[in-house]
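Chemist:
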Amino acid sequence: MTVKLYKVEAVVLRARDCGNADKLLILYSKEHGKIKVMAHGASKPASRKRGAVQLFSHSRFLINSGRELDSISQGEVIEMFSYLMEDLEMISYASYLAELVDAIAPEGVPNGPLFELLLTTMRLLVAGDAELLTRAFEIKTIALLGYRPSLEQCAHCQRPPEGRLYFSPAIGGVLCDTCKPADLLALPCNKGVVETLKLILRWHPAKLQQLKIERPARNQIKSLLYEYIRYHLERDLKSAAFISGSGQVRQVLMYKNNLRGSK
Ligand SMILES: [Zn+2]
Numbered sequence: 231m232t233v234k235l236y237k238v239e240a241v242v243l244r245a246r247d248c249g250n251a252d253k254l255l256i257l258y259s260k261e262h263g264k265i266k267v268m269a270h271g272a273s274k275p276a277s278r279k280r281g282a283v284q285l286f287s288h289s290r291f292l293i294n295s296g297r298e299l300d301s302i303s304q305g306e307v308i309e310m311f312s313y314l315m316e317d318l319e320m321i322s323y324a325s326y327l328a329e330l331v332d333a334i335a336p337e338g339v340p341n342g343p344l345f346e347l348l349l350t351t352m353r354l355l356v357a358g359d360a361e362l363l364t365r366a367f368e369i370k371t372i373a374l375l376g377y378r379p380s381l382e383q384c385a386h387c388q389r390p391p392e393g394r395l396y397f398s399p400a401i402g403g404v405l406c407d408t409c410k411p412a413d414l415l416a417l418p419c420n421k422g423v424v425e426t427l428k429l430i431l432r433w434h435p436a437k438l439q440q441l442k443i444e445r446p447a448r449n450q451i452k453s454l455l456y457e458y459i460r461y462h463l464e465r466d467l468k469s470a471a472f473i474s475g476s477g478q479v480r481q482v483l484m485y486k487n488n489l490r491g492s493k
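The opening residue of the sequence shown carries number 231 in the numbering used here; numbering runs sequentially from there.
1. Among 397, 260 and 339, which residue has its Cα nearest to the Cα of residue 414?
2. Could you pull out every residue in the same chain whose Cβ sits closer than 6 angstroms to the Cβ of residue 284, ignoring the five residues on either side in sequence?
3. Would you say the beta carbon of residue 364 comes nearer than 8 angstroms to a heavy atom of ligand 1?
4. Going by CA-CA distance only, name the one from 394, 393 and 405 that's closest to residue 387.
5. Mind the definition here: the region 344–361 touches the region 437–452 only if three or more C-beta pairs lie below 8 angstroms; say whether that holds.
6. In terms of residue numbering, what span does the alpha helix (DSSP H) encompassing residue 368 cover?
7. For residue 451, name the three-state secondary structure that DSSP assigns.
8. For the beta strand (DSSP E) containing residue 244, name the first residue and the last one.
9. Which residues in the same chain as residue 445 place their Cβ atom closer than 6 angstroms to its Cβ, once the five residues preceding and following it in sequence are excluded?
10. Quick check on residue 299 - is its C-beta less than 9 angstroms from some C-beta in chain C?
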């Protein structure tokens with residue numbers, strides 16, 4: 231029997247305990263995009279894979295191709311992001327980024343820019359404007375996966391949008407006043423918000439610190455992107471409203487408590 235091995239560099243998006251100290255992982259890898267792998271014995275205290283398979287870890291893995299499910303042969307941590315685990319709000323943001331990629335990225339399709347965007351955003355979260363970084367992550371992710379909303383022209387008549395503006399998830403972007411009847415569910419949208427969306431789509435996440443955005447505009451951006459993503463996913467994301475009791479957050483808290491208990 232031949233064993234086929236392959237290497238990936240990946241971020242752990244999801245880690246679920248599944249008995250016998252095994253963990254089922256969803257990884258976002260540079261080489262193959264989203265992949266599902268088994269990490270046998272990874273929860274054992276002496277396991278050398280333990281750090282590499284932690285939620286949000288950026289790690290290098292050697293993976294065994296299996297008939298049904300691939301499994302991790304070796305794992306080595308590159309970056310831990312343990313500071314994201316220090317604070318419930320950070321855990322919520324990081325969980326949301328991971329869940330969004332898990333929900334929206336197709337399996338087995340590499341997307342180098344999305345992999346880099348995920349890492350960059352996770353690195354910036356703690357010191358930056360976490361809310362704005364998350365909004366930027368949403369719109370950039372959507373765009374990288376081929377669903378960029380139309381912002382420069384009306385998504386319906388293709389003319390430069392004038393007058394009162396609306397945003398239509400179904401038609402795919404901004405609508406002008408004349409085209410509003412094309413989607414009765416289109417949301418009102420300020421001109422300033424459209425300009426901000428263009429900026430956060432274009433700017434590197436590290437530059438977003440320079441943007442001063444008032445609360446009403448932030449709220450509008452949040453609900454426009456939320457509706458847009460929801461329309462494309464056709465279901466609610468578990469932590470879209472940053473519910474602190476989401477599955478991953480509970481998992482992280484349990485992990486932290488275990489660490490405390492073992493000290
Ligand atoms: Zn129009």
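Quick reminder that beta carbons are idealized off the backbone N, C-alpha and C, glycines included.
Modeler: On the basis of the data shown:
1. 397
2. none
3. no
4. 405
5. Touching, yes, given that three or more Cβ pairs across the two stretches are closer than 8 angstroms.
6. 360–374
7. helix
8. Going by DSSP, residue 244 is part of the beta strand (DSSP E) stretching over 235–247.
9. Taking C-beta separations shorter than 6 angstroms and ignoring five residues to either side along the sequence, residue 445 has no partners in its chain.
10. The displayed structure is made up of one protein chain only, and chain C is not part of it.
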